[in-house]
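A quick write-up on the structure given underneath.
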Amino acid sequence: MDGTLTMAAHDFDAIRRSLGLPPKMPILESMAQLPEEKAAPLRVKLHEIELDIAHSAQVQPGAVALLAGLRSQNKRLALLTRNSMAGAVATLTACGLDEFFEPAFILSRHCCPPKPKPDGIHHLLGLWQAQPQTAVMVGDYVFDLLAGRNAGTATVHLDVTGTFPWPEHADAQVSSLNELAILAMGEDRRVGDRRRVGDRRRVE
């Protein structure tokens, strides 16, 4: 969600400092290692930070057109986030994207073990009675790609900087949601050999 459907706004280093957590370590995993009496107030503070960011979230260019196009093709859409449920809903609402996602298909860290674990994707596939090979996981961070890999889906890495630091985990790489729309709407029909969609070569 953050950095994919919305403009990246989280300064994770600053959040870690605010919470007193070690640098470079994933926030949720760091808090999970703490005694409950220390972790509980940090979870409250993290929730407040996330909501503050969510209310000022800005939509990623191309997001509305992409989601509308997928919906017109009767594609099922879901959101799997390490954010809180309240933060996820507030973000979607602030960006005007809430109409594209059914509540049952919005999964937060409170619904299932967070990415990179595949539990959330498995849950969604179960709801849809779908096989992993029919689904695509799109994200801007390695945890998104690993979650897709671990669940057996195709993976697409969105990196607006064009650096793509995790090519080994991505079946396709795009630098904008407009490029992703080309991939999803049929000009590039298959995801496969880790080539960039932005090169205008068919990904197959």
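The sequence shown maps to residues 23 to 226 in the working numbering.
Ideal Cβ positions, reconstructed from N, Cα and C, are used throughout, including at glycine.
Where residue i falls, given that 16 or more other Cβ within 10 Å makes a residue buried
i      : result
Thr103 : buried
Met159 : buried
Asp74  : exposed
His179 : buried
Gln80  : exposed
Asn96  : exposed
Asp210 : Note that Asp210 has pLDDT 44, beneath the 50 cutoff, so the model's placement of it is unreliable and no number is given.
Asp193 : buried
Lys8   : Shown here, the chain extends from 23 to 226; a query on residue 8 therefore has no answer.
Ser40  : exposed
Pro140 : buried
Ala31  : exposed
Gln153 : exposed
His77  : exposed
Glu190 : exposed
Ala206 : buried
Thr26  : buried
Paired residues, beta bridge with residue i - DSSP
i      : result
Thr28  : Asp24, Val81
Val158 : Ala176
Three-state secondary structure assigned by DSSP to residue i
i      : result
Gln195 : strand
Leu101 : strand
Gly86  : The sequence shown places Val at residue 86, not Gly. It is helical.
Asp221 : Because Asp221 sits at a pLDDT of 35, beneath the cut-off of 50, its placement in the model cannot be relied upon, and the point is left open.
Met47  : coil
Asn200 : helix
Gly184 : coil
Ala169 : helix
Phe34  : helix
Leu146 : helix
Gly208 : coil
Leu56  : coil
Ala152 : coil
Val213 : The predicted position of Val213 is uncertain, since its pLDDT is 44 and thus under 50; no value can be drawn from it.
Gly91  : helix
Cβ-heavy atom distance, residue i to the ligand GTP, below 6 Å
i     : result
Gln55 : Because no ligand of any kind appears in the structure shown, any question about the ligand GTP cannot be addressed here.
Item to check | Segments assigned beta strand (DSSP E), at least 3 residues, entirely inside the segment 107 to 142 | outcome: none
Item to check | the segment 193 to 212 touching the segment 73 to 86, judged by at least three CB pairs closer than 8 Å | outcome: yes
Next on the checklist: Contact between the segment 117 to 126 and the segment 151 to 170 is defined here as three or more beta-carbon pairs at a separation below 8 Å; is this criterion met?
Outcome noted: no
Checklist entry - Does the count of Cβ pairs from the segment 107 to 116 and the segment 126 to 136 closer than 8 Å reach three? => result yes
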